[in-house]
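For the sequence shown, this note's numbering begins at 50 and goes up steadily by one. Virtual Cβ for every residue (Gly too), placed ideally from N, Cα, C. Here is the structure we will look at.
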Amino acid sequence: MGDISFWFYEQHAPGTFMGVRIKSVLYQERTRFQELAIVETEDFGRALVLDGALQTTERDEKFYHEMLAHVPLCAHPSPQRVLIIGGGDGGLVREVLKHPSVEHVTMVEIDPAVVEACRKYLPALSCGLDDERVHLVFEDGIAYVARSAPESFDLILVDSTDPGGSSTGLFSSAFYRECHRVLNASGYLACQTEEPFFRPQAMQDAYRAVAGIFPLTRLFISAVPVYSAWFWTFTIGSKAGLDPVQIRSAPPAGTIYYTPEVHRAAFALPPFIRDLL
Ligand code: SAM
């Protein structure tokens, strides 16, 4: 692919686009599941794009992966067995492995092409995929959870694309009910649940679906500059009713976004978000 500077636009509302200048396209493929591209951007480093949606960038991926990993991991007293659904770029696995209590991480990614491309072009994210504690499964996460035994995992982390296509079912009550069955008694389910500004309905639907299954459900937020409205939300359900705002195991060192203070503050919701739940 040559050097071709052009603007990449994502539409977030009828009158709002997010534009990112692209310096070059490093890789492109029409996979069995989606249109995949790895691009070099002017301001965010390399980025993974799936079906025309910016998924993750070298510059701000940790603002998202650190929060989706360390809030549930630090809320749990001793997380050992972790299931990741999606997460093909490997950024979430890299963060989960920073916890010494974690003995086994299963990552269930539907599209092997995403893992292959990110291994080659996004090594800073995919660097943990060959860790001896990691077990990669290329399958629909819905089918994998459905065939998993009860009480198999301490944490289930859903790092999916936006609702649509193969990820639609990952936002359903039926899937969350299966996750509840497969979690240990003190387990947590944590999912990326879209953003409250341009897509409040998607966030509200996902949150309420989790809250309809788990005895205690909370929403927490992160700021991800490359995403549509900077806010991004995560929904966490506790099978034992243990409030995830409390930190029960040691946070990792070397993070650039997550701290115990940020963990607690992430649950302090502005009224415009709180009133949507
Ligand atoms: N981690 C990135 C971020 O920072 O937002 C983006 C998420 S990751 C790239 C989303 C992954 O979910 C994709 O690789 C996609 O192939 C995968 N996925 C979508 N539906 C799935 C399903 N039903 N089961 C497993 N993986 C799925």
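When DSSP states are grouped into helix, strand and coil, SER271 belongs to the strand group. With contacts defined as CB atoms closer than 8 Å, HIS312 and ILE296 qualify as a contacting pair. The beta carbons of LYS288 and SER235 sit closer together than 8 Å. Boundaries cannot be given for LEU326, as no beta strand (DSSP E) includes it and DSSP labels it neither H nor E.
Judged by their CB atoms, LEU117 and GLN241 are nearer to each other than the 8 Å cut-off.
Around the Cβ of LYS169, a 10 Å sphere holds fewer than 16 other Cβ atoms; the residue is exposed. Residue state for HIS184 is assigned as strand, using DSSP reduced to three classes. Beta-bridge partners assigned by DSSP to ILE305: none are found. Residue burial annotation: GLU84 is exposed, with fewer than 16 other C-beta atoms found within 10 angstroms of its C-beta. Every alpha helix (DSSP H) stretch that sits fully inside the region 230 to 274 and reaches 4 residues is listed by chain position as 249 to 260.
VAL157 is bridged by DSSP to ILE134, VAL186. Ranked by how close their Cα comes to the Cα of PHE263, the residues ALA86, ILE285, ASP92, GLU107 have ILE285 in first place.
Between PHE247 and ALA272, the CB-CB gap reaches or exceeds 8 Å.
In this structure, DSSP gives ALA162 a helical state, which the three-state scheme calls helix. Annotation: the continuous beta strand (DSSP E) that includes LEU97 extends over 95 to 99. Between the region 174 to 181 and the region 201 to 219, the count of Cβ pairs shorter than 8 Å is below three; the stretches do not touch. Cα atoms of SER150 and MET156: separation of roughly 17 Å, rounded to the nearest angstrom. DSSP places ALA118 in the uninterrupted alpha helix (DSSP H) bounded by 110 to 124. If you check the CB distance, ASP138 and LEU171 come in under 8 Å. Cβ atoms of THR266 and HIS119 stay farther apart than 8 Å, at about 19 Å.
Taking a C-beta distance under 8 Å as the contact criterion, ASP160 and ARG79 do not qualify as a contact pair. In terms of Cβ geometry, PRO245 and THR282 form a close pair [threshold 8 Å].
Between ligand 1 and the CB of SER215, the shortest heavy atom gap is smaller than 7 Å. In the three-state reduction of the DSSP assignment, ILE296 falls in the coil class. Relative to ligand 1, the beta carbon of VAL88 is positioned no closer than 7 Å to any heavy atom. Taken through DSSP and simplified to helix, strand or coil, LEU206 comes out as strand. Listed in chain order, the non-local C-beta contacts of PRO293 below 7 Å within the same chain comprise VAL120, PRO121, ALA124, TYR237, ARG267, ILE285, SER287, local neighbours out to five positions each way being set aside. When distances are taken from the beta-carbon of PHE82 to the heavy atoms of ligand 1, the shortest one is below 7 Å.
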